[in-house]
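Top to bottom, those sequences are chains A and B. If you read the first sequence in our numbering, its first letter stands for residue 1, the second for the next number, and so on. If you read the second sequence in our numbering, its first letter stands for residue 169, the second for the next number, and so on. No residue lacks a Cβ here, since even glycine has one placed at the ideal position from N, Cα and C.
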Amino acid sequence: MTTTKSDALLPAQGIEAPRSGRIDPKYLRNGFSKSGSFEMAAWVFMRVSGAALVVLIFVHLAVNLLVGEGIHQIDFGFVAGKWANPVWQFWDLTMLWLAMLHGGNGMRTIINDYAEKDSTRMWLKSILYLSVIVIIVLGTMVIFTFEPCLLDNSGQLLESSPSFCQNV
Amino acid sequence: MSTPTKEAAEPASKIDMKESGGGGEIPSFDVTLQVRRYDPEFSDDARWDEWTITMYGTDRVLDALHKVKWEIDGSLTFRRSCAHGVCGSDAMRINGRNRLACKVLLKDLDTSKPIMVEPIKGLPVEKDLIVDMEPFFQSYREIMPFMVNNSPAPTGERIQSPEERERFDDTTKCILCAACTSSCPVFWTDGQYFGPAAIVNAHRFIFDSRDDAGDMRLEVLNDKEGVWRCRTIFNCTDACPRGIEVTKAIQEVKRAVLTRSM
Numbered sequence: 001m002t003t004t005k006s007d008a009l010l011p012a013q014g015i016e017a018p019r020s021g022r023i024d025p026k027y028l029r030n031g032f033s034k035s036g037s038f039e040m041a042a043w044v045f046m047r048v049s050g051a052a053l054v055v056l057i058f059v060h061l062a063v064n065l066l067v068g069e070g071i072h073q074i075d076f077g078f079v080a081g082k083w084a085n086p087v088w089q090f091w092d093l094t095m096l097w098l099a100m101l102h103g104g105n106g107m108r109t110i111i112n113d114y115a116e117k118d119s120t121r122m123w124l125k126s127i128l129y130l131s132v133i134v135i136i137v138l139g140t141m142v143i144f145t146f147e148p149c150l151l152d153n154s155g156q157l158l159e160s161s162p163s164f165c166q167n168v
Numbered sequence: 169m170s171t172p173t174k175e176a177a178e179p180a181s182k183i184d185m186k187e188s189g190g191g192g193e194i195p196s197f198d199v200t201l202q203v204r205r206y207d208p209e210f211s212d213d214a215r216w217d218e219w220t221i222t223m224y225g226t227d228r229v230l231d232a233l234h235k236v237k238w239e240i241d242g243s244l245t246f247r248r249s250c251a252h253g254v255c256g257s258d259a260m261r262i263n264g265r266n267r268l269a270c271k272v273l274l275k276d277l278d279t280s281k282p283i284m285v286e287p288i289k290g291l292p293v294e295k296d297l298i299v300d301m302e303p304f305f306q307s308y309r310e311i312m313p314f315m316v317n318n319s320p321a322p323t324g325e326r327i328q329s330p331e332e333r334e335r336f337d338d339t340t341k342c343i344l345c346a347a348c349t350s351s352c353p354v355f356w357t358d359g360q361y362f363g364p365a366a367i368v369n370a371h372r373f374i375f376d377s378r379d380d381a382g383d384m385r386l387e388v389l390n391d392k393e394g395v396w397r398c399r400t401i402f403n404c405t406d407a408c409p410r411g412i413e414v415t416k417a418i419q420e421v422k423r424a425v426l427t428r429s430m
């Protein structure tokens, strides 16, 4: 009787796959990253915010440019009048946040796709995130702290104030 | 009974046939072939080589490469195996598009200009038209391209309805030629992206009613470098020599990942 070495029966366990271990590191995924669900959330957000922005932007354009006196009505007073109404405050706030996040995420994707060096990618994304944050914070502050009837040092209305300030 | 020793003479042909006979002359024409050459033993830089050869209307790009290799320059290096569009060895970039050299007829290309042949993009070139396919197969292996079924094996076959089979029919056609993955601009800049071919082969098992590991494959493809990297630009669908609707398959996997997470 002959004895068989069990190792010999299972060559696959002892022999490496052909050409294994020769892959350029740039092709190697380092384990499974958790950010997959973030990418999925970003993907869904792009579609949902895109659909919402179509409605928000076209109503915004229609109300500003078509209804009433059209483009001739737009001045400081018109904007002040709109923001006196909480509905338009909320409308513009939603539009600002969605547009900035939608556009910011789109730019993030483009940078991820086209930046070839890690350092370039990092710098471009830092600039992008910073500008998105600055614009969102600034825009939000303007919408909520907007004061159309500004007074000068002597307590008089500024000349450029809209006409309705006289009645306040 | 005796067999006739003399065959009856063939009746005269009722149609006029030209003297040359056969199916007529196959039209021949001159084509200029430009091939991207790279040989690290001699130079670190790739270069273009150009040959003008006489080919026939029935010839494919692969035949032109053969003619060069067999009759002009034996150092020209490329992969090919079956030469009939089944093995998937000879995917290359022909006039800027990923095609199988054995499936492109020369007469279908613009022969008034040189025909440009390059190795597929995004994978490391080893020599001339040969690239290292290992990163491509590494992604393929990671999506577990085999059936996993945890239930005890039945005595007969695992029954599947024609409709259930139809669900993933398109993605069974893949021959792993890498034409799709190497046509993807995302893969060109990000080699870690799984690539269309791996997703297509995951699709083939995810939507197979007999398979139990769909969730594991969806988990693998929900990676940062997985399906969400796809920008739906349809280069892969255009490149696929088997006519697989690659982008559609990727979108279906995206939807499956999404519904699973909800």
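Extent of the continuous beta strand (DSSP E) run through residue i
i              : result
residue 202(B) : 196-205
residue 27(A)  : Per DSSP, residue 27(A) belongs to no beta strand (DSSP E) and is neither H nor E.
residue 75(A)  : Unbroken run through residue 75(A): none, as it is neither H nor E.
residue 85(A)  : No beta strand (DSSP E) contains residue 85(A), which DSSP labels as neither H nor E.
residue 268(B) : 265-268
residue 285(B) : 283-286
residue 239(B) : No beta strand (DSSP E) holds residue 239(B); DSSP gives it neither H nor E.
residue 247(B) : Here residue 247(B) belongs to no beta strand (DSSP E), and DSSP marks it neither H nor E.
residue 259(B) : 259-262
residue 397(B) : From DSSP, residue 397(B) is part of no beta strand (DSSP E); its letter is neither H nor E.
residue 410(B) : First-last for residue 410(B): undefined, no H or E at that position.
Alpha helix (DSSP H) segment containing residue i, residue limits
i              : result
residue 143(A) : 118-145
residue 310(B) : 302-310
residue 384(B) : 382-389
residue 294(B) : From DSSP, residue 294(B) is part of no alpha helix (DSSP H) but of the beta strand (DSSP E) over 293-295.
residue 378(B) : Element bounds for residue 378(B): n/a, residue is neither H nor E.
residue 357(B) : 353-357
7 Å CB neighbourhood of residue i in its chain, flanking five on each side removed
i              : result
residue 364(B) : 348, 349, 352, 404, 414, 418
residue 316(B) : 379, 380, 381
residue 253(B) : 268, 270, 271, 409
residue 300(B) : 291, 292, 294
residue 69(A)  : none
residue 412(B) : 338, 339, 341, 342, 368
residue 119(A) : none
residue 9(A)   : Legend: pLDDT at residue 9(A) = 43, less than 50; position of this residue unreliable, value from coordinates given subsequently. If we look at residue 9(A) and ignore the five residues flanking it on each side, it has no Cβ neighbours.
Cβ separation of residue i and residue j, assumed to be a contact under 8 Å, to the nearest whole Å
i              : j              : result
residue 104(A) : residue 128(A) : 6 Å
residue 296(B) : residue 245(B) : 4 Å
residue 136(A) : residue 100(A) : 5 Å
residue 37(A)  : residue 429(B) : 7 Å
residue 402(B) : residue 385(B) : The pair is not a contact, with the Cβ atoms about 23 Å apart (cut-off 8 Å).
residue 113(A) : residue 357(B) : 6 Å
Beta carbon of residue i nearer than 7 Å to that of residue j
i              : j              : result
residue 311(B) : residue 366(B) : yes
residue 342(B) : residue 318(B) : no
residue 235(B) : residue 221(B) : yes
residue 371(B) : residue 323(B) : no
residue 224(B) : residue 262(B) : no
residue 26(A)  : residue 394(B) : no
residue 116(A) : residue 396(B) : no
residue 274(B) : residue 227(B) : yes
residue 230(B) : residue 251(B) : yes
residue 279(B) : residue 354(B) : no
residue 89(A)  : residue 143(A) : yes
residue 150(A) : residue 158(A) : yes
residue 256(B) : residue 345(B) : yes
residue 98(A)  : residue 53(A)  : yes
residue 83(A)  : residue 146(A) : yes
residue 332(B) : residue 377(B) : yes
Rounded separation between residue i and residue j - CA only
i              : j              : result
residue 201(B) : residue 303(B) : 29 Å
residue 141(A) : residue 71(A)  : 26 Å
residue 60(A)  : residue 109(A) : 27 Å
residue 400(B) : residue 85(A)  : 42 Å
residue 320(B) : residue 327(B) : 14 Å
residue 1(A)   : residue 375(B) : For residue 1(A), the predicted structure reports a pLDDT of 43, less than 50, and the residue's modelled location is therefore unreliable. A value from the coordinates is still provided. Answer to the nearest angstrom: the Cα atoms are 50 Å apart.
residue 388(B) : residue 335(B) : 21 Å
residue 30(A)  : residue 416(B) : 28 Å
residue 406(B) : residue 282(B) : 22 Å
residue 132(B) : residue 76(A)  : This structure gives no information on residue 132(B), because the portion of chain B shown stretches from 169 to 430.
residue 424(B) : residue 215(B) : 45 Å
residue 233(B) : residue 24(A)  : 29 Å
residue 87(A)  : residue 74(A)  : 18 Å
residue 398(B) : residue 46(A)  : 14 Å
Residues near residue i in its chain [Cβ-Cβ closer than 8 Å; skip 5 each side]
i              : result
residue 427(B) : none
residue 94(A)  : 52, 56
residue 107(A) : 128
Sequence-distant residues of the same chain with beta carbon closer than 6 Å to residue i, five excluded per side
i              : result
residue 203(B) : 217, 285
residue 298(B) : 245, 247
residue 313(B) : 369
residue 3(A)   : The predicted model places residue 3(A) with a pLDDT of 44, which falls under 50 and marks its position as unreliable; any figure quoted below should be read in that light. Nothing meets the Cβ criterion.
CB contact below 7 Å: residue i versus chain D
i             : result
residue 69(A) : Of the protein chains in this structure, namely A and B, none is chain D.
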